[in-house]
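Read the structure below first, then the notes.
2 protein chains.
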Amino acid sequence: MTNDIVTLDHGSGGKKTSQLIEELLVPAFSNDTLSQLGDGALLDLQGPLIFSTDSFVVDPIFFPGGNIGKLSVCGTVNDLAMCGGQPRYLSLSLLLEEGFPLDDLRTIVSSIAQTAKQAGVEIVTGDTKVVERGKGDGIYINTSGIGTLRYPGLSPEAIQPGDVVILSGTMGDHGATVMMARNGLLEGSSLQSDCQPLWQLAKAALDCGGVRVLRDPTRGGVATTLNEFTENRPISIELDEDALPVRGAVQAACDLLGLDPLYCANEGKLLAICHPSSAEAVLAALQATPGGQEAAVIGRVTDRYPGKVILNTFLGGGRVLSKLTGAQLPRIC
Amino acid sequence: MTNDIVTLDHGSGGKKTSQLIEELLVPAFSNDTLSQLGDGALLDLQGPLIFSTDSFVVDPIFFPGGNIGKLSVCGTVNDLAMCGGQPRYLSLSLLLEEGFPLDDLRTIVSSIAQTAKQAGVEIVTGDTKVVERGKGDGIYINTSGIGTLRYPGLSPEAIQPGDVVILSGTMGDHGATVMMARNGLLEGSSLQSDCQPLWQLAKAALDCGGVRVLRDPTRGGVATTLNEFTENRPISIELDEDALPVRGAVQAACDLLGLDPLYCANEGKLLAICHPSSAEAVLAALQATPGGQEAAVIGRVTDRYPGKVILNTFLGGGRVLSKLTGAQLPRIC
């Protein structure tokens, strides 16, 4: 039955597009703002605001702990949260391949609605396009988000030697899960993506004061994100290898796939760099917030290796962690 | 040389992604707001605001009068303008297929920058993803936009019998051009997409007062857009066939392809429905604004055929124009 799959008609802007919007999308996201103005949403917001966008092409689209829909909400609300912005509104743009099962679309849309609710955001405007078979890969999603700036002044420029590097939980769960799923190696595994909205964790940390910068280490992982802080600056970041929180299943998956958890994507973790006098409070606040129980101090900002991120190993040696090079993990989000 | 094409590395979040952003994208869109906060942009805006999103999958990506880059700016700023919002900021998300020529990307990015400047918006945040060969079609683009509401109260609900329907220029230029280009039939043709930002035209019309609603008739064309106004309402819209502005080349292309200009996409035209006492002023204001010289009154709102759009033909007959059904024009924007 053609009713069960996405057809090119669904993207033509005509009757089938309206049906898809009115029967499948609008009921899922029902709120007072949605599409009251046709092609745009009217928002009664006071500035300053944070604005962010992300497209999602994760393969496979369903994985333990989430799917492309949940991910597409988390990814964008987390970008807002990392800027000190309380996530408020999202746009949702679906890019569907002809033949995509409508049942899968319903599942994804329902995840989007549920995650948006959890994250405290409303989906207020959207768009749907359909491309021919072989010109896409089932579904790609873009979300853009608007948040209200609650904590101004966060900036990598504020980082100083002596600052403490805190990670809100274990590393690499999302990346390892998706890569194992893609390779059909998940059977019997306890792997699960860490995909979750981070505003509550961000708020808990920021309320302590002394936080220089927050960042969620997604593509490129913890090592790449930290390099963005040290690049062209007279500071280094030194990590303690034995302080890095990694689940056994993630380490095993990385060993099997030839990956390094330090470069594996996270979708529900934040890095907080904070003044040493706040570190204890920030750590405690994260650990007391759902999703942050395994937060840990993983390193320090120093001035010994300007521009570099260094891993101090178990054996007393040091290893330079550069930015991710090459496509270690394509289509991880 | 692998430098000449997009590779999966460009989407991994590592060094090549940074290079693409820093060498190709940031210089093109240089402004004070862009990426000052990492994954989000800080906007000092006062509400109320308009928020809109659109993804672009046009095939071919280059066509007379524009390309997917120009289109991706026009599409979103026009959605904002139709809501009475002055376009202010755009996000830009690129979804690239492995192997896409970097020279084409440069051309498209340069069009985006130029059109954004023309439209008075800044590109302030972005995202880049790369999918494997065969999982995309060169380039897809999402833009989301934020505008400042300058003209509140526009709504299809405000439309009343007696109102006048004005179109800001000729019909179907974009749709006909793209379809002829896709079929390799453009040689010797004067066809050109009408792709242009519409805020100046919208502002000109709205400053006259008496405008009930504005809408840009993109996918589905003039006929589908007008149906969205009459649907489930006790009003009809009657169009005069001999008042419809259509270029000869567009009509010829439509005849050849079996299309109807009334259902062909426009990307630089607006429909204004206004109180009869304002119609003359609105028409004159549009005609006096660049891009609106060929504006025309094309019909009237009545109550004779509730819920319907009717075309009154040359021969004195009437024809019901329903919403577009079927995929007349897939991937037109």
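Quick note, the sequences are listed as chains A and B, same order. FYI, in this note's numbering the residues of the first sequence are 1 to 333. FYI, in this note's numbering the residues of the second sequence are 334 to 666. Beta carbons are placed, not taken as given, at the ideal position from N, Cα and C, and that holds for glycine.
On the three-state DSSP scale, how would you describe residue i?
i: L427 (chain B); result: strand
i: A204 (chain A); result: helix
i: A605 (chain B); result: strand
i: R106 (chain A); result: helix
i: P161 (chain A); result: coil
i: P420 (chain B); result: strand
i: L321 (chain A); result: coil
i: I665 (chain B); result: coil
i: P567 (chain B); result: coil
i: P681 (chain B); result: With chain B covering 334 to 666 only, the question about residue 681 (chain B) has no answer from this structure.
i: K348 (chain B); result: helix
i: S111 (chain A); result: helix
i: L154 (chain A); result: coil
i: G467 (chain B); result: coil
i: M1 (chain A); result: A caution first: M1 (chain A) carries a pLDDT of 41, below 50, which makes its placement in the model unreliable, though a value can still be read off. Looking at M1 (chain A) - three-state DSSP - the assignment turns out to be coil, as it is neither helix nor strand.
Rounded to the nearest angstrom, how far is the Cβ of residue i from that of residue j, given a contact under 8 angstroms?
i: K269 (chain A); j: D207 (chain A); result: Not confirmed; about 19 angstroms, so no contact.
i: F384 (chain B); j: L43 (chain A); result: 6 angstroms
i: G469 (chain B); j: G136 (chain A); result: 7 angstroms
i: R545 (chain B); j: I606 (chain B); result: 5 angstroms
i: D255 (chain A); j: F314 (chain A); result: Not a contact, Cβ separation roughly 16 angstroms.
i: L353 (chain B); j: T461 (chain B); result: 6 angstroms
i: P87 (chain A); j: A119 (chain A); result: 6 angstroms
i: T558 (chain B); j: R548 (chain B); result: 5 angstroms
i: L382 (chain B); j: L45 (chain A); result: 6 angstroms
Cβ of residue i within 8 angstroms of Cβ of residue j?
i: G480 (chain B); j: G521 (chain B); result: no
i: A176 (chain A); j: V250 (chain A); result: yes
i: P197 (chain A); j: N67 (chain A); result: no
i: V124 (chain A); j: V301 (chain A); result: no
i: L201 (chain A); j: T289 (chain A); result: yes
i: L271 (chain A); j: P217 (chain A); result: yes
i: V297 (chain A); j: L286 (chain A); result: no
i: S12 (chain A); j: L657 (chain B); result: yes
i: H608 (chain B); j: G517 (chain B); result: no
i: R233 (chain A); j: G153 (chain A); result: no
i: V391 (chain B); j: I665 (chain B); result: yes
i: L95 (chain A); j: Y140 (chain A); result: yes
i: L24 (chain A); j: V131 (chain A); result: no
i: A205 (chain A); j: P60 (chain A); result: no
i: G402 (chain B); j: G502 (chain B); result: no
i: P261 (chain A); j: M171 (chain A); result: yes
i: G347 (chain B); j: G220 (chain A); result: yes
i: Q39 (chain A); j: C416 (chain B); result: Checking the displayed sequence, the identity of residue 39 (chain A) turns out to be Asp instead of Gln. A contact, by the Cβ cut-off of 8 angstroms.
i: P64 (chain A); j: Q160 (chain A); result: no
i: L413 (chain B); j: E600 (chain B); result: no
i: V339 (chain B); j: L425 (chain B); result: no
i: T17 (chain A); j: V73 (chain A); result: no
i: T366 (chain B); j: T386 (chain B); result: no
i: V632 (chain B); j: E561 (chain B); result: Reading off the sequence, residue 632 (chain B) comes out as Gly, not Val. No; because the gap between Cβ atoms is not below 8 angstroms, this pair is not in contact.
i: L304 (chain A); j: S236 (chain A); result: Looking at the sequence provided, one finds Arg at residue 304 (chain A) rather than Leu. Contact: yes.
i: A446 (chain B); j: A361 (chain B); result: yes
Looking at the unbroken beta strand (DSSP E) that takes in residue i, where does it start and where does it end?
i: T128 (chain A); result: E122 to V131
i: N142 (chain A); result: I139 to L149
Starting from residue i, trace the alpha helix (DSSP H) both ways and give me its first and last residue.
i: L8 (chain A); result: Neither: L8 (chain A) is in no alpha helix (DSSP H) and is coded neither H nor E.
i: G221 (chain A); result: G221 to T230
Looking at the C-beta of residue i, does it have a partner C-beta in chain D at a distance below 8 angstroms?
i: Q46 (chain A); result: You won't find chain D in this structure, because its protein chains are A and B.
Quiz prompt | beta strand (DSSP E) runs contained entirely in the segment 17–71 of chain A, provided each spans 3 or more residues | solution = Taking only runs of at least 3 residues, the beta strand (DSSP E) segments lying wholly in the segment 17–71 of chain A are 41–43 and 49–56.
Quiz prompt | Length-filtered (4 minimum) alpha helix (DSSP H) runs lying within the segment 572–651 of chain B | solution = Entirely contained in the segment 572–651 of chain B, the alpha helix (DSSP H) runs reaching 4 residues are, in chain order, 581–590 and 612–620.
Practice problem: Within the segment 500–552 of chain B, note down every full alpha helix (DSSP H) run reaching 4 residues or more, in order along the chain. | Solution: Correct list: 506–515 and 532–539.
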